[in-house]
Amino acid sequence: MGTQTLEQSIRSNYLRVMDRIHDAAVSAGRETQSVRLVVVTKAHPVEVALAAVKAGARLLGENYVEEAEGKILSISGEHGVEWHMIGHIQSRKARRVCELFQYVHSMDSLKLANRLDRFAEELNIRMPVLLECNVSGEESKTGFPAWDEHLWADLAQQARQIGELPNLELHGLMTMAPYYDEPERARPFFRKLVRVRDYLSKDLPQVSWSELSMGMSGDFEVAIQEGATIVRVGQAILGHRPG
Ligand SMILES: *Cc1c(COP(=O)(O)O)cnc(C)c1O
55 MGTQTLEQSI
65 RSNYLRVMDR
75 IHDAAVSAGR
85 ETQSVRLVVV
95 TKAHPVEVAL
105 AAVKAGARLL
115 GENYVEEAEG
125 KILSISGEHG
135 VEWHMIGHIQ
145 SRKARRVCEL
155 FQYVHSMDSL
165 KLANRLDRFA
175 EELNIRMPVL
185 LECNVSGEES
195 KTGFPAWDEH
205 LWADLAQQAR
215 QIGELPNLEL
225 HGLMTMAPYY
235 DEPERARPFF
245 RKLVRVRDYL
255 SKDLPQVSWS
265 ELSMGMSGDF
275 EVAIQEGATI
285 VRVGQAILGH
295 RPG
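Heads up, the sequence shown is in our numbering, so the first residue is 55 and it goes up one at a time.
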């Protein structure tokens, strides 16, 4: 291990995670291609993000606009790389998000949706978005309140308005389970997101609810068993975040 270069260790971690995604999908009776991997490069320097791209990663995730900007601009020459915004977006950063990112997982208010729609129109793009849902009730978490069934009608009403915004493409839902050492404990939260999706797709059948972005380094296999179509993995591929 000590003699491995950064690039080699990221490559072998990436391949191991891809194998684990494959095995989890197969064991759940799903097609491997039904699960996409976003490699989360937050807090890592551009060399690390580039090593992930060289290993085969095409979808990269970042949480903070300022931090992502330099990485995005210096990697923009690499073919087919898509940047996914996965962190809370401040209103005043909405325009920059539309300029830099190709996908937004962390849409957590109607107000933000309206702003993203406006800037997407100005830039003449259509932005794919997911509604971030807080299914745990943890106060530290952002996202539409969705931990209890009685909250879902209100969510559906906001989702309806977001679904009608002409420059956004609503594709589904995103969540973060609470952090546990035991991945099995995250399972009820992934199941709850699936139930929110089922509720919304009954209420708003005109929207495509095909994407579920859930599962991180510690729990992505459980998330895939529960139906994740996008997993967001950082540490298991890139190692511990510096700082
Ligand atoms: C940091 C982060 C991840 C990745 O977490 P790891 O534990 O490094 O896999 C995924 N999703 C979000 C929203 C994050 O902030």
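Positions of the beta carbon are idealized from the N, C-alpha and C atoms, including for glycine.
From a predicted model like this one, the values you see are computed outputs, not experimental measurements.
According to DSSP, is residue i helix, strand or coil?
| i | result |
| --- | --- |
| Gln124 | First, the amino acid is wrong: residue 124 is Gly here, not Gln. Residue state, collapsed to three classes: helix. |
| Val135 | coil |
| His204 | helix |
| Ser255 | helix |
| Met230 | coil |
| Ile1 | Given that the chain is displayed from residue 55 to residue 297, the structure contains no residue 1 and the question cannot be resolved. |
| Val158 | strand |
| Pro99 | coil |
| His142 | coil |
| Pro237 | helix |
| Ser88 | helix |
| Pro296 | coil |
| Glu193 | coil |
| Val261 | coil |
| Glu303 | Examination of residue 303 is not possible in this model, given that the chain is present from 55 through 297 alone. |
| Leu219 | coil |
| Ala210 | helix |
Assuming residue i and residue j form a contact by the criterion Cβ under 8 Å, report the distance between their Cβ atoms to the nearest whole angstrom.
| i | j | result |
| --- | --- | --- |
| Asn117 | Ala290 | Rounded, the Cβ-Cβ distance is 17 Å, inconsistent with contact. |
| Leu292 | His76 | The Cβ separation is near 20 Å, so there is no contact. |
| Ala78 | Gln279 | 6 Å |
| Ala105 | Glu132 | Wrong, their Cβ atoms sit about 12 Å apart, outside the cutoff. |
| Leu91 | Val107 | About 13 Å separates the two Cβ atoms, so there is no contact after all. |
| Leu227 | Val261 | Between Val261 and Leu227 the Cβ distance is about 11 Å, and since that is not below 8 Å, they are no contact. |
| Val94 | Arg112 | Actually they are not in contact, since the Cβ atoms of Val94 and Arg112 sit about 14 Å apart, beyond 8 Å. |
| Leu258 | Ala213 | 6 Å |
Terminal residues of the continuous alpha helix (DSSP H) containing residue i?
| i | result |
| --- | --- |
| Met268 | Per DSSP, Met268 belongs to no alpha helix (DSSP H) and is neither H nor E. |
| Leu170 | Leu164 to Glu176 |
| Arg74 | Leu60 to Ser81 |
| Leu292 | Gln289 to Leu292 |
Where DSSP assigns a beta bridge to residue i, which residues make up the other side?
| i | result |
| --- | --- |
| Leu114 | Val93 and Trp137 |
| Leu224 | Val183 |
| Phe198 | Cys187 |
Counting along the chain, where does the beta strand (DSSP E) carrying residue i start and finish?
| i | result |
| --- | --- |
| Glu186 | Met181 to Asn188 |
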